Amino acid sequence: MRVSVFGLGYVGCVSVACLAREKHQVIGLDVIDEKVNAIANGVATVVEPGVDELLVEAKKIGRLSATKDAVAAVHSSDMSLICVGTPSGPDGSLIMNYVKETAQAIGRALKTKVGHHIVVLRSTVPPGTMENLIVPTILAESDRTLDEVGILIVPEFLREGTAVADYYDPPLAVVGSHDGQPDGNQGALAALLAVDPERLTWIPFRQAELLKSTCNVFHALKVAFANEIGSLCSSQQIDGRSLMRLLCQDRKLNISPAYLRPGMPFGGSCLPKDLSGVIALGMHAALDLPLLKAIAQSNAAHKVRAMDAARRVNGFRRIGMDGLAFKSGTDDLRESPMVEIAEHLIGKGYDLRILDPAVETARLTGANKTYIEKHVPHLADRLVGSEKELLDHAEAIILTRDDCSLLDLAAQLERPPLVVDLTGADRTSAFEQELALA
Ligand SMILES: NC(=O)c1ccc[n+]([C@@H]2O[C@H](COP(=O)([O-])OP(=O)(O)OC[C@H]3O[C@@H](n4cnc5c(N)ncnc54)[C@H](O)[C@@H]3O)[C@@H](O)[C@H]2O)c1
């Protein structure tokens, strides 16, 4: 494949070197003369282990060239990578000027190019950039349609310092397309990433755009978390590295997809209590632990969002809620966000019925019983025994559980209830489809 690489900084320079090693013919382009000259001479523009050797070799066997001429670069390649910088602006937003200029230059060059071409954005950009900037700019400047030019985003996951190794073993091989589906360019994309075409995961533009930033935010969160726990450990004469090593050994709950699914706020008797306990430890040791303190604030903000969403039942009187305990399958009602929502709705005068098969009022004891009696008095009168009973009652239903089959039943009703889904699971659309079929 012949590949032109726009932007010869960290990402561009490493890409040029690795693509040439994979036997692609590579042409680099930058607006800075020194970088163009360096790559043209087989010299790296950045300090990165392994890159110098790859570039020397690529130059020697004639797989490498560089230019400032976008038309020449596009005309002599089958695919163009956009690897230009997207630095932060004054308010933190990423600056799109360089990406826009590059899309314009590639689009203009495509106007006079014969044959198919693929443009792949590798720079990190905010959601909406492909739809609102890259695709329209390239199509307008080139006078082509999306059938005539492949325009995709492939987030770059390389890390400085291990960039060459990361290039050959990316943690994810994700391709963003306008509809989230393969667009016929699978072979070229697989060759670009040096992976099997089956390994490519196709997702919509916006998801691909936010994925890369989300990964970096998560890494930043992990560093800050480990450092706050490390500081807390030091204050308690505990070896923080050893403790965190053990934490990471748990692949079931800690380093795993568990708890990493957008949905309801956390609650129950353990998470809120132990979080307060750890923060109190830090306070007594005069430690500033802003991240740990912010967890409770974040959860409270999410409860407010859930409450606001639940208010969509306004205008109805008979409400059904699926789920009451903090987790399905248990009857622990303490600190359950669903109890707070129920309390709020009852306070507002709604006629609320609740389905939670694990909660039996006669079996509630101790702190659990005291808690629910305080927040939802006469709970027994509000609990129903089946989905049918809940649907018979409800003009609107509030979903709080992922594993609920209410929707299948609701879709069969002559007058289905309004559904307010607080779980974060994308199934309302499926519900709407079922209704359309019903
Ligand atoms: N550095 C990393 O480890 C890394 C990893 C993944 C993703 N990214 C993302 O990739 C993008 C590039 O990052 P980087 O670290 O390589 O940036 P960089 O600043 O090192 O390099 C950007 C290059 O683009 C060039 N450029 C600017 N405008 C241009 C134009 N109109 N035409 C051609 N070249 C132009 C600049 O001269 C510069 O050489 C950013 O969006 C970044 O967030 C970076």
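Using the working numbering, the letters of the sequence shown correspond one by one to residues 1477 to 1914. For each residue, glycine too, the CB sits at the ideal point set by N, CA and C. If you're wondering where the values come from, they're calculated on a predicted model, not measured in any experiment.
In the structure shown, residue 1774 adopts helical secondary structure according to DSSP, grouped into three states. In the DSSP assignment, residue 1793 falls outside any beta strand (DSSP E), carrying neither H nor E. Here the distance from the Cβ of residue 1482 to the nearest heavy atom of ligand 1 is below 6 Å. Residue 1505 sits in a strand when the DSSP states are folded into three classes. Boundaries around residue 1866 are those of the alpha helix (DSSP H), 1863-1869, since no beta strand (DSSP E) includes it. Note that the C-beta distance between residue 1840 and residue 1876 is not below 7 Å. For residue 1897, the pairing in a beta bridge is given by DSSP as 1875. Annotated three-state conformation of residue 1699 is helix, per DSSP.
Counting only residues of its own chain and dropping the five nearest sequence neighbours on each side, residue 1714 has no CB closer than 6 Å to any other CB.
Contact between the region 1557-1571 and the region 1520-1527 is absent, with fewer than three C-beta pairs closer than 8 Å. Contact between the region 1531-1548 and the region 1566-1576 is absent: fewer than three C-beta pairs spanning the two stretches fall below 8 Å. Inter-residue distance for residue 1716 and residue 1761 is about 15 Å (C-alpha atoms, whole angstroms). Nearest to residue 1795 by alpha-carbon distance, out of 1810, 1811, 1818, 1854, is 1818. Under DSSP, residue 1680 takes part in a beta bridge, and its partners are 1653.
Taking 6 Å as the cut-off, one finds at least one heavy atom of ligand 1 near enough to the beta carbon of residue 1506.
Here the C-alpha atom of residue 1689 lies approximately 15 Å from the C-alpha atom of residue 1679.
Judged by beta-carbon spacing, residue 1792 lies within the 7 Å limit of residue 1872, meaning their Cβ atoms are closer than that value. Around the CB of residue 1813, 16 or more other CB atoms lie within 10 Å, so the residue is classed as buried. 1821 is the residue among 1771, 1882, 1508, 1821 whose C-alpha sits nearest the C-alpha of residue 1784. According to the DSSP assignment, residue 1753 belongs to the alpha helix (DSSP H) that extends over 1747-1760. Under the three-pair Cβ rule at 8 Å, the region 1485-1503 does not count as touching the region 1607-1619. Residue 1542 has 1504 as its beta-bridge partners, per DSSP.
The DSSP assignment places complete alpha helix (DSSP H) segments of no fewer than 4 residues inside the region 1564-1635 at 1573-1587, 1611-1618, in order along the chain. Distances taken from the Cβ of residue 1547 to the heavy atoms of ligand 1 include none shorter than 6 Å.
Residue state for residue 1482 is assigned as strand, using DSSP reduced to three classes. Residue environment for residue 1529: exposed (fewer than 16 other C-beta atoms within 10 angstroms of its C-beta).
C-alpha of residue 1634 to C-alpha of residue 1546: approximately 25 Å in a straight line. Contact check for residue 1894 and residue 1863: beta-carbon distance about 16 Å, past the 8 Å limit, so the pair fails to qualify. Residue 1815 and residue 1786 have their C-alpha atoms some 13 Å from each other. Within its own chain, the residues whose Cβ lies closer than 7 Å to the Cβ of residue 1516, once the five positions on either side in sequence are excluded, are 1541, 1542, listed in chain order.
Within the same chain, Cβ atoms closer than 6 Å to the Cβ of residue 1682 are found at 1603, the five residues on either side in sequence being excluded. When beta bridges are read from the DSSP output, residue 1555 appears opposite 1479, 1594.
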